[in-house]
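Scroll down for the structure; my scribbles are underneath it.
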Amino acid sequence: MLITDRECQRGGERFAMPTLGEIEGKLIVSEVVAASCLRQLLAGPEAEPLSSIRRRIKQALQSRCKKAKLCGDDTDAAVEYAFQLLDAAVEALGKESEPSSTRDETVHRLSNAAVSPR
Numbered sequence: 001m002l003i004t005d006r007e008c009q010r011g012g013e014r015f016a017m018p019t020l021g022e023i024e025g026k027l028i029v030s031e032v033v034a035a036s037c038l039r040q041l042l043a044g045p046e047a048e049p050l051s052s053i054r055r056r057i058k059q060a061l062q063s064r065c066k067k068a069k070l071c072g073d074d075t076d077a078a079v080e081y082a083f084q085l086l087d088a089a090v091e092a093l094g095k096e097s098e099p100s101s102t103r104d105e106t107v108h109r110l111s112n113a114a115v116s117p118r
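For the sequence shown, the positions run 1 to 118 when the UniProt record's numbering is used.
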C-alpha cells in the first residue's frame, strides 16, 4: 500500500499516478505524524520521546482507520508507513550539518531513540 521510497524502487515508473486512496492515506498519515511530533515538542522534554510519538501515531491512526472502516491490513500498512515517515524525518534531522544548540540536543535524543529497538 503506502511506502516512503516507492518512487525509488525498481518498477516505480509503472505507478506514476497514485490512486486517490493513496493520496488520501498519505495526507492522513502525514497529518497524524506532524500532530504527534508537535504535541511531543510542546509537552516538553521526555526520556523516550520517540517511543511516545510512535505510541501516539499508532493510536491516532488506528482510530482514524476504524472510523474510515478500513481493514486490519490497511491499518497496519498505514501505521508502518507512518513509522517509515517518522524514521526518515529523524534520519534527515541527524544529517543536517549545523543545527542550533537546542535542536542539536533534541536531534541527538531522537537519533538515539531511533536506533534503539521499538
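Ideal placement from N, C-alpha and C gives every residue a C-beta, glycine not left out.
To the nearest angstrom, how far is it from the Cα of residue 25 to the Cα of residue 54?
Roughly 18 Å separates the two Cα atoms.
Check whether the Cβ atoms of residue 29 and residue 78 lie closer than 8 Å to each other.
Contact flag set, yes.
Quick one: is residue 20 buried, meaning 16 or more other Cβ sit within 10 Å of its Cβ, or exposed?
The residue in question, residue 20, is exposed, as its Cβ has fewer than 16 Cβ neighbours within 10 Å.
Closest to residue 82 by C-alpha separation, out of 73, 45, 32 and 18, would be which residue?
Residue 82 has its Cα closest to that of 32, out of 73, 45, 32 and 18.
Rounded C-beta distance between residue 65 and residue 73? I'm assuming under 8 Å.
Not quite, the Cβ-Cβ distance comes to about 10 Å (not below 8 Å), so this is no contact.
Kindly indicate which residue of 41, 42 and 61 has the alpha-carbon position closest to the one of residue 80.
Among 41, 42 and 61, the Cα nearest to that of residue 80 belongs to 61.
In this structure, how does DSSP classify residue 66 when only helix, strand and coil are distinguished?
Helix.
Just to confirm my understanding: we take residue 85, look at its own chain, exclude 5 residues before and 5 after, and list those with CB closer than 8 Å. What are they?
Only 4, 29, 30 and 33 meet the Cβ criterion.
My output table needs one value for residue 18: the three-state DSSP class, helix, strand or coil.
It is coil, neither helix nor strand.
Given a cut-off of 8 Å on the beta-carbon distance, is the pair residue 40 and residue 49 in contact?
Taking 8 Å as the Cβ cut-off, residue 40 and residue 49 qualify as a contacting pair.
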